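Quick note, the sequence shown lines up with residues -21 to -1, 1 to 406 if you use mature numbering (1 follows the signal peptide of the UniProt record, and there is no 0). The beta carbon of each residue, even a glycine, is placed where N, CA and C say it ideally should be. Nothing here was measured: the structure is a model prediction, and the numbers come from that model.
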Amino acid sequence: MKFKKWLLVGFSTLLVFGVAACSSDKTSSDGGSKDKEVSIDFWVFGATGYEELAKEYEKENKNVKIKIKKSETDAHHSNLFTALSAGTGAPDVAMLEVDQVDRFRDAQDRLLNLYDMKADEIKDQYLDWKWKIAENDNGKFLMGLPTDIGPKGLYYRTELFEAAGLPTEPEEVSALISSPESFKEAALTIKEKTGKPMVASMEMMYRAKLDTLEESYFDPEGNLLIEEAGNGVKGAYDQAIEMNKLGLVGNLAMWSPEWATGVQKGDFAVELGAAWFKGWMEGNAPDAAGKYKVATLPTEYSGNWGGSYITIPKETKHPQEAYDFVKWLVSPDNQLKSFKSNGLFPSSPVVYEMDDFKASTDEYFSGQSTQNVFAESAQKIGYVYKGKNYITVNDEINAALTNVQSGKDPEKEWTAAIKRIKKALDR
């Protein structure tokens, strides 16, 4: 009897431990662990507000802890590239800035193909051009999921437009400036009537066309294109020089103290800025509140400037949990939260139809719903390929433009820039 009792108790105990063991090892149908605690290292840069969303995710997923490491943009990408190259030290999840994506294509074998994680199931929630930038291997490999974008708009100083006898309401300004030719005509009128240049710098005028070119400096095979007939880069360069000759371009380098003062005081008429630029204005040019509005740009100037992706290094020990978190983080609902809290402009057009998005107003811009302007612009943007050495080439062309503005010969500066670029690429 005692033996039977012991056997019964022993069997019951084993049963309890067996059930507990099964429970603790339980996995979800998609392969993710439901009970075992998982730590996800997440490397970020910039003011994303992802820390708050990570806390929200942890509350909904008690077994997951998100550890965020924040660095400056350049240091972030250098550290990530170094870790991937070494095959050790990479996080589970990391942001990639859009201008850096092509640099990381060579590290594809160190990243998870998100198509293997069934990312194609959510593809239709995002803008086609934004999604395509993260594809590799002729569309068979997906490097990351889309976060924010930087659709460009025309930030214009209403008092200067009024002084020039031009309309000041956004719809009217969009209709007035509907092509590069009409942009130039408006600039000439503003210069004649107010004495002010249309744009702040050669770089800004150059970017007007550059940001819309499908292939600017390189093709996907890595060939340098800027000397080829028909390449649009020289056209963008020449346009900036022509506008400068006409006195329509200022000499205020972006992000300089003088440029910031120019934004504040209205030393130039417009800024061809991305959606995120309004956040900069609110924080750095408070005295200009109520003096700017936003209109759409001509299609030829409606490019993208900025934005990011989130990638998953292959060395992660928790691929499913990492992907589940990233998919949640960039979902339309959470892109709306990121927009409202940190001004990250959504790459999901699903958000553009949400009432909370459409109804937002900007006090700084006299109550205008500027996000609807940028949403319209976002859907006019085409696919753009930049190449891993984009920044190197871009810096040299901008150096040439700066030299031209100081009195150097445009063609000589163009030739010199090409020489410097080729030398840098040959290293």
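Pull up the DSSP beta-bridge partners for Asp20, would you. As a position in the sequence shown, residue 20 is number 41, starting the count at 1. DSSP lists Lys46 as partners of Asp20.
Count the other CB atoms, across all protein chains shown, that sit within 10 Å of the CB of Ala208; report buried if there are 16 or more and exposed otherwise. Position 229 of the sequence shown, counting from 1, holds the residue named residue 208. Exposed, by the Cβ-count rule.
Assuming Met96 and Tyr302 make a contact with CB atoms under 8 Å, what is their CB distance in whole Å? The residue labelled residue 96 in the question sits at position 117 within the sequence shown. The residue labelled residue 302 in the question sits at position 323 within the sequence shown. So it is a contact: roughly 4 Å between Cβ atoms.
How is Phe247 classed by DSSP in three states: helix, strand or coil? Residue mapping note: residue 247 aligns to position 268 of the sequence shown, counting from 1. Three-state DSSP puts Phe247 in coil, outside helix and strand.
CA-CA distance, Ile289 and Leu225? Working through the sequence shown from its first residue, we reach residue 289 at position 310. Working through the sequence shown from its first residue, we reach residue 225 at position 246. About 43 Å.
Residue from Leu404, Asn230, Ser327 and Lys365 whose Cα sits closest to the Cα of Phe78: Position 99 of the sequence shown, counted from the first residue, corresponds to residue 78. The displayed chain sequence assigns Asp, not Phe, to residue 78. If we check each option's Cα against that of Asp78, Lys365 comes out closest.
So Leu133 packs on Val305, CB below 8 Å; how close in whole Å? Looking up residue 133 in the sequence shown gives position 154. Looking up residue 305 in the sequence shown gives position 326. Going by Cβ atoms, the distance from Leu133 to Val305 rounds to 34 Å, so no, they are not a contact pair.
Determine the extent of the alpha helix (DSSP H) in which Asp78 is found, giving its start and end residues. Start at 1 with the first residue of the sequence shown, and residue 78 comes out as number 99. Where Asp78 is concerned, there is no enclosing alpha helix (DSSP H), given that its DSSP letter is neither H nor E.
Rounded to whole angstroms, what is the Cα-Cα separation between Glu390 and Ala378? Position 411 of the sequence shown, counted from the first residue, corresponds to residue 390. Position 399 of the sequence shown, counted from the first residue, corresponds to residue 378. Roughly 13 Å between the two C-alpha positions.
Environment of Ala65 [buried if 16+ CB atoms lie within 10 Å]: The count along the sequence shown starts at 1 and reaches residue 65 at position 86. The residue in question, Ala65, is exposed, as its Cβ has fewer than 16 Cβ neighbours within 10 Å.
Of all the CB atoms in chain B, is at least one closer than 8 Å to the CB of Phe247? Protein chain content of the structure displayed is limited to a single chain, and chain B is not contained in it.
Give me the Cβ distance between Leu231 and Ser180, rounded to the nearest whole Å; I'm assuming they're in contact under 8 Å. As a first step, residue 231 is located in the sequence shown; it is residue number 252 there, counting from the start. As a first step, residue 180 is located in the sequence shown; it is residue number 201 there, counting from the start. Their Cβ separation, rounded to whole angstroms, is 6 Å, which keeps Leu231 and Ser180 in contact under 8 Å.
Buried or exposed for Asp127, please, with buried defined as at least 16 other CB atoms from any protein chain shown within 10 angstroms of its CB. Working through the sequence shown from its first residue, we reach residue 127 at position 148. Flag for Asp127 reads buried.
What span of residues does the beta strand (DSSP E) with Thr126 cover, start to end? By one-based count along the sequence shown, residue 126 stands at place 147. Taken as a continuous stretch (DSSP letters only), the beta strand (DSSP E) holding Thr126 covers Leu124 to Arg136.
My output table needs one value for Lys172: the three-state DSSP class, helix, strand or coil. Counting from 1 along the sequence shown, the entry for residue 172 is found at position 193. Helix, per DSSP.
If you draw a straight line from the C-alpha of Leu(-15) to the C-alpha of Leu32, how long is it? If you number the sequence shown from 1, residue -15 lands on position 7. If you number the sequence shown from 1, residue 32 lands on position 53. Per-residue confidence for Leu(-15) stands at a pLDDT of 35, beneath the threshold of 50, marking its modelled position as unreliable; the derived number appears in the next sentence. Rounded to whole angstroms, Leu(-15) to Leu32 spans 51 Å at the Cα level.
Here's the rule I'm using: 16 or more other beta-carbon atoms within 10 Å means buried, otherwise exposed. How should Lys257 be labelled? Taking the sequence shown and counting its residues from 1, one reaches residue 257 at position 278. Counting Cβ neighbours within 10 Å, Lys257 comes out buried, since at least 16 surround it.
I need the straight-line Cα distance from Asp71 to Leu63, nearest angstrom please. On the sequence shown, position 92 is the one that residue 71 refers to. On the sequence shown, position 84 is the one that residue 63 refers to. Rounded to the nearest angstrom, the two C-alpha atoms are 11 Å apart.
Tell me which residue opens and which closes the alpha helix (DSSP H) that Gly366 is part of. Working through the sequence shown from its first residue, we reach residue 366 at position 387. From DSSP, Gly366 is part of no alpha helix (DSSP H); its letter is neither H nor E.
Output needed for Gly245: all residues of its chain with C-beta closer than 8 Å, excluding positions within five of it in sequence on either side, in chain order. As a working mapping, residue 245 is identified with position 266 in the sequence shown. Result list for Gly245: Arg136, Glu138, Leu139, Lys175, Ala267 and Lys270, in chain order.
Please classify Ser281: does DSSP put it in a helix, a strand, or coil? Indexing the sequence shown from 1 puts residue 281 at position 302. Three-state DSSP puts Ser281 in coil, outside helix and strand.
Can you find the residues in the same chain that come closer than 8 Å, C-beta to C-beta, to Tyr94, ignoring five residues on each side of it along the sequence? As a first step, residue 94 is located in the sequence shown; it is residue number 115 there, counting from the start. These residues qualify, in order along the chain: Lys119, Phe120 and Leu121.
Look up Val178 in the DSSP assignment and give the residues it is bridged to. Within the sequence shown, numbered from 1, the residue matching residue 178 stands at position 199. Answer is Val228, bridged to Val178.
Among the candidates Leu227, Lys48, Arg82 and Glu30, whose CA atom is the shortest distance from the CA of Asp20? For the purposes of this step, residue 20 is taken as residue 41 along the sequence shown, with counting starting at 1. That would be Lys48, whose Cα lies nearest to the Cα of Asp20.
Looking only at its own chain, which residues have a Cβ that is under 8 Å from the Cβ of Gln87, when we skip the five neighbours before and after it? If you number the sequence shown from 1, residue 87 lands on position 108. Correct list, in chain order: Asn115, Asp116, Phe120 and Met122.
What residues are listed by DSSP as bridge partners for Thr290? Against the sequence shown, residue 290 aligns to sequence position 311. In DSSP, Thr290 forms a bridge with Ala73.
Residue nearest to Phe197 in terms of C-alpha spacing, selected from Asn373, Gly386 and Val383: The residue given as residue 197 occupies position 218 in the sequence shown. Nearest C-alpha to Phe197: Asn373.
Check whether the Cβ atoms of Thr67 and Glu294 lie closer than 8 Å to each other. In the sequence shown, the residue the question calls residue 67 occupies position 88. In the sequence shown, the residue the question calls residue 294 occupies position 315. Contact flag set, yes.
So, helix, strand or coil for Pro328, using DSSP? Counted from its first residue, the sequence shown places residue 328 at position 349. In this structure, Pro328 counts as helix in the three-state DSSP scheme.
Would you check if the stretch 165 to 174 and the stretch 273 to 291 touch, i.e. whether three or more CB-CB distances between them fall below 8 Å? no
Since Ala215 and Tyr185 should fall inside the 8 Å C-beta cutoff, what is the C-beta to C-beta distance between them, to a whole number of angstroms? Your numbering for residue 215 matches position 236 in the sequence shown. Your numbering for residue 185 matches position 206 in the sequence shown. Between Tyr185 and Ala215 the Cβ distance is about 5 Å, and since that is below 8 Å, they are a contact.
Using CA coordinates, which residue listed in Gly252, Ser320 and Glu375 is at the minimum distance from Val212? Taking the sequence shown and counting its residues from 1, the one referred to as residue 212 is at position 233. With distances taken between Cα atoms, Val212 lies closest to Glu375.
Closest to Tyr331 by CA distance: which of Ser345, Gln218, Asn313 and Phe344 is it? Against the sequence shown, residue 331 aligns to sequence position 352. Considering only alpha carbons, the answer is Asn313.
Pro298 versus Leu75 - alpha carbon distance: Position 319 of the sequence shown, counting from 1, holds the residue named residue 298. Position 96 of the sequence shown, counting from 1, holds the residue named residue 75. Rounded to the nearest angstrom, the two C-alpha atoms are 18 Å apart.
In or out: Gly25 buried (at least 16 other Cβ within 10 Å) or exposed? As a working mapping, residue 25 is identified with position 46 in the sequence shown. It is buried - the Cβ of Gly25 has at least 16 other Cβ atoms within 10 Å.
From Lys296 to Val43, what distance separates their C-alpha atoms? Stepping through the sequence shown from its first residue, residue 296 is reached at position 317. Stepping through the sequence shown from its first residue, residue 43 is reached at position 64. Approximately 13 Å between the Cα atoms of the pair.
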